[in-house]
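Participant:
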Amino acid sequence: MKRSELLSRIFITVAVLGAVGAPLFVWARTPLIHAKVAEDGGWNPDVIQANAGEPLFLKLTSDDVVHGFAVGQMDMQSVDVLPGKVSNVTLTFDKPGIYTFFCTRWCGLNHWRMRGTIEVSGSPSDHEPALSEAAEPLYVTLGLDIDAPHDALVIPRSQPSAISGQQLAANLPIDLSTDYYRAYSPYQVFDELPNTSLTESQSWDVVAYIWQSNTTNESLSDGQQLYAQNCAACHGENGAGNGVFADDLAASGESSMQTMAGADQMTMQTPVDFTDPTRMLGASPALLQGKILRGGMGTGMPMWGSIFTEEQIWDLIAYLYSFQFDYHRGEAQ
Amino acid sequence: MELTRLPFLKSALKSRYSQLAVFIVMLVGYIFVILAGLIGTPVGSHNFSIVFVWIAWWAILILVAVPFFGRGWCAVCPIPLPGEWLQRGAVLNPPDKKPRWLNLRWPKFLRNIWLQNISFLLLALFSSVLLTTPNITGIVLAAMLFAAIGLSMIFERRAFCRYLCPVGGFIGLYSQTAPIELRIKDKQVCVVCDGKPCYNGASTVGLDVQRLNPPLSANSNTGYGCPWDVFPGGLTKNTYCGLCMECIRTCPHDNIAINLRPFSADLAKPSTRLDEAFKAFIMLGSAMIYAGVLLGPWGAFKDAAYNVGTSAWFIYATIFLAIIFAILPGFFWLMISLTSRPFAKHPFGAPIGRGVGVRKFASLTTALIPLGLMFWVAFSLSFVLTNATYILASLSDPLGLGWNLFGTANAVWQPMLTSILAPAQTLALVGGLIWSARTAQKAANEVKVSSVPVVIYCFITTLVMLGLLL
Amino acid sequence: MAFAPFPVRPIAPQERTFRIEAGQFAYSSSEIKVNPGDTVNIQLVSTDVVHGLYVDGYDISIEADPGQTKTLSFVADKPGSFRFRCNVTCGAMHPFMIGKLSVGKKVWFYRSIGLSIIAIIGFLKFPRRPVLITAH
């Protein structure tokens, strides 16, 4: 064979082998975490190992729609995980334990199920409790049955005003402490108000004032943002339980959820309407915290215990009551 | 005007080295595209294979290569190469010992483009999935490559390219509109040529070199016979010549040239073949269907087209095929048979009946060739200009692994030149209408009927396309 | 004809609001019509994943997560027919998630029809006579 032919053949062979080998080689050496909607498997891999104190480098990509990434119980800005693109995240964990990472941008009905865990090993430092030894939630301490009905027996005729309540409460012996506020529902507080000459509507205004005293502007705005990003898709942008997924939740029934035995009352419900005074005013902050932490046990309500910090949950709860109480009417503009 | 008179061009086209260099680049690119489809990100808009096949390559093909270079893409396409190298036993000049593959003649009853019509339709019916799913594109491209290799081991020449390739079917049909052609210079030279090496191949093996007529000159290359199974001496149309330049190398009389010529010169000699006629309807119909389904605002059609296997998709597929095989040709036939009138004074006196035979039908569909081409140009302009910026991102990160080779990985999606899109589509479609009307007149003259029904047909289909796109 | 100014009956501009739900892979109101000069507010409600809405020709866009409706406001000062499309990758058929906005009359469509009619009339009135030929 002529030399030109031989050289050409060698060249072609090398080029073709390179064209096959080089991409395979670099692809195999790039470990990526793939995000897919929960119906297609969610995060892959969904368990990551790490060591306390050492930085963890993650490369994330989405295989379908826009997702996001954040680690629960950590103060971190969520990172968008975009289709076809790679996001780089560096995490450092001080304490060992099992952390939950989750999707932060709504990607379908089962968005909240897109979760995974990071198992951080290492020895726990002496002065701080390891992650798994969190304090017991308030509803457990109080012995509340958060699945029992909690309808308020009396509801206000119009939205109570906290400003009016503040004026009315000037001389009343009311408890504005956080512990009191968290442990009792607005209806219970209404019912327990000392016998005075206040009308029903005025009493509700006082309750609204008590609630406002336990709420700051910052907690309201943080709560509002948490609500918009995590709750509005099901519970509605105006809290009325009519979010974009509400119909799908009602229709999907039991097929996508485990149901507990004897769960007739627990089967798929439409998302709670926070503008409904009967249910909301009969719920204490502790009860709401319990629902949020534990989830709805077959109703489609996610459990947020591993995701939100305690402070975030109280902020969210503060915002939820703002659907019932008017904190601003009568304010000097 | 003969382009091969330019010495630089002639030697570049005849050189096997320059051609091989192009081939290697294309083959490596093709293999990379297959791999990117199989292992890269499943997100179509960010995967090199989807972006480079269905946006970049398609744009170059339908906007530049076909209208201006006819079968120019076939000249550089990498699909037949591995099979052909194996079949020939060499990558450059013919070897001393020819390898003994089966080299069967392609069966006579398949010597038409019906298989290509079917393969194109198969891709078209699954196009929503094909255009958006990288691993499907990768698999289809790999299948074409292996089919070409397999066919080269069984049959002679480039059987895949000539008889199976879905792209080749319409490139061939539309190449008749192009302004370049490969033709012989002097017919008499071919008449006296012994052995016809342009078709049969030329090597000195087994030849009595002393008795060759004309004698082997110092300039004659050895070469292979036309891989497209075309006799260059008889070429009058571009349809089946793949511009591989082999005959130019092989001809001992330097009697083959590449010429510049007016657009659509080939359409003055209308083909009377039914397979080509239906290819014209397939292309016309699929352009209109895509314009409606893919670029229209009707989500239900898109769901039907994408969800292959559902009953909605079967309905979609049935309607698709009905439009192409029944509605469009039926309406055409109706137009020309209801209104076909012979000219008042036939030159030879005999009146022509009102019936329409297959030959007349097929000849008149020639008018649909420039029409279909411009329909595809108008349709392609829309999605190419809208999505061309994906090319920048996928150049820098072809596999979706987080690279940034050229700094453009984060290029934002941004439709380009949208203000000129509507005028450009108007120009293409109205221009196509005028072009096809002229073609209709020429074709109608050939078969001695009035061109009015065909012109009106072109007008109506153009209105539909205008309504779908604008 | 191609660039002749279009005869337009002036209509007093209004403010119009459209609530458009976006789901894979279509918009609930996929064809909307306004008059030139109208102030248009498009409320984009994503119903499954993050979607966007980009208007061809106006080069403006917005994106919305499910649960967070966003509004795109603009003055429809350019007449014609414009496609709006999703500009956030939302799944396989994302490049074909399209709707149409008509501002006044579909200018280029009518122009192109006019040009086509002129072309056809030209052909029908002046057909090429067959040339007597003896051999090709």
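Residue numbers (the numbering used here), protein chains in the order written: chain A, 1 to 333; chain B, 334 to 803; chain C, 804 to 939. Here a beta-carbon is modelled for each residue, glycine too, at the ideal position from N, C-alpha and C. These numbers come from a predicted model, not from an experiment.
(1) By DSSP's criteria, isoleucine 845 of chain C is part of a beta bridge. Which residues make up the other side?
(2) Leaving out five residues before and five after proline 413 of chain B in sequence, what residues of the same chain have Cβ atoms less than 8 Å from its Cβ?
(3) Name the DSSP bridge partner or partners of phenylalanine 885 of chain C?
(4) Using only alpha-carbon positions, find the residue among A/Ser213, A/Gln225, A/Ile307, A/Leu24 that is nearest to serine 177 of chain A.
(5) Kindly indicate the opening and closing residues of the beta strand (DSSP E) around threonine 92 of chain A.
(6) At what residues does the alpha helix (DSSP H) containing proline 428 of chain B begin and finish?
(7) Of all Cβ atoms in chain B, is any one closer than 9 Å to the Cβ of valine 20 of chain A?
(8) Does the stretch 863–874 of chain C come into contact with the stretch 597–611 of chain B, if we say contact requires no fewer than three beta-carbon pairs (one atom in each stretch) closer than 8 Å?
(9) According to a CB-to-CB cut-off of less than 7 Å, which residues of the stretch 811–831 of chain C neighbour chain B?
(10) Using a beta-carbon distance below 9 Å, is aspartate 64 of chain A in contact with chain C?
(11) Nearest-angstrom Cα distance between glycine 642 of chain B and serine 452 of chain B?
(12) Would you call serine 378 of chain B buried or exposed, if buried means 16 or more other Cβ atoms sit within 10 Å of its Cβ?
(13) To the nearest angstrom, how far is the alpha carbon of alanine 50 of chain A from that of phenylalanine 93 of chain A?
(14) Tell me the rounded alpha-carbon separation between threonine 259 of chain A and alanine 721 of chain B.
(15) Leucine 91 of chain A and methionine 114 of chain A - do their beta-carbons sit closer together than 9 Å?
(16) Between proline 703 of chain B and threonine 510 of chain B, what straight-line distance do the alpha-carbon atoms span, to the nearest angstrom?
(17) Kindly confirm or deny that the stretch 632–642 of chain B and the stretch 460–472 of chain B touch, where touching means at least three C-beta pairs closer than 8 Å.
(18) For the alpha helix (DSSP H) holding histidine 235 of chain A, just list the boundary residues, first then last.
(19) Among all the DSSP beta bridges, which residues are the ones paired with glutamate 834 of chain C?
(20) Taking Cβ to Cβ, would you say tyrosine 187 of chain A is nearer than 9 Å to leucine 281 of chain A?
(21) Is threonine 794 of chain B helix, strand or coil when you go by DSSP?
(22) Could you name the residues of the stretch 207–218 of chain A whose beta carbon sits closer than 8 Å to any beta carbon of chain C, in the order they occur along the chain?
(23) In three-state terms, what does DSSP make of leucine 226 of chain A?
(24) By alpha-carbon positions, which one of B/Arg421, B/Gly735, B/Phe341 ends up nearest to glutamate 5 of chain A?
(25) Is the distance from the Cβ of isoleucine 504 of chain B to the Cβ of cysteine 407 of chain B below 9 Å?
(26) Is glycine 629 of chain B helix, strand or coil by DSSP?
(27) Less than 6 Å between C-beta atoms, sequence neighbours within five positions excluded: which residues of the same chain meet that for methionine 477 of chain B?
(28) Is the Cβ of proline 869 of chain C closer than 9 Å to any Cβ of chain A?
(29) Which residues of chain C have a Cβ atom closer than 8 Å to the Cβ of glycine 108 of chain A, listed in chain order?
(30) Out of curiosity, what's the CA-to-CA distance linking glycine 223 of chain A and glutamine 289 of chain A?
(31) Taking 8 Å as the threshold, find out whether the stretch 423–437 of chain B comes into contact with the stretch 750–765 of chain B through three or more Cβ pairs.
(32) When you compare the stretch 630–637 of chain B with the stretch 430–444 of chain B, are there three or more beta-carbon pairs, one atom per stretch, that lie closer than 8 Å?
(33) Quick one: list the residues of chain A neighbouring threonine 872 of chain C, beta-carbon separation under 7 Å, in chain order.
(34) Just grab the DSSP bridge partners of leucine 58 of chain A for me.
(35) Could you please give me the residues that DSSP links to alanine 867 of chain C through a beta bridge?
(36) Please give the ranges of any alpha helix (DSSP H) in the stretch 562–615 of chain B, keeping only runs that are unbroken, at least 4 residues long and fully inside the region.
Facilitator: Well, looking at it:
(1) C/Phe821, C/Leu875
(2) Ala481, Ser485, Arg491, Phe493, Cys494, Pro560
(3) C/Leu904
(4) A/Ser213
(5) 86–92
(6) Segment: none, proline 428 of chain B is in no alpha helix (DSSP H) and carries neither H nor E.
(7) yes
(8) no
(9) Phe828, Ala829
(10) yes
(11) 19 Å
(12) buried
(13) 8 Å
(14) Annotation note: pLDDT 48 at threonine 259 of chain A (below 50); position unreliable, no value reported.
(15) no
(16) 7 Å
(17) yes
(18) 232–235
(19) C/Lys903
(20) yes
(21) helix
(22) none
(23) helix
(24) B/Arg421
(25) yes
(26) coil
(27) Ile412
(28) yes
(29) Asp851, Val852
(30) 13 Å
(31) no
(32) no
(33) Glu237
(34) A/Val89
(35) C/His854
(36) 579–583
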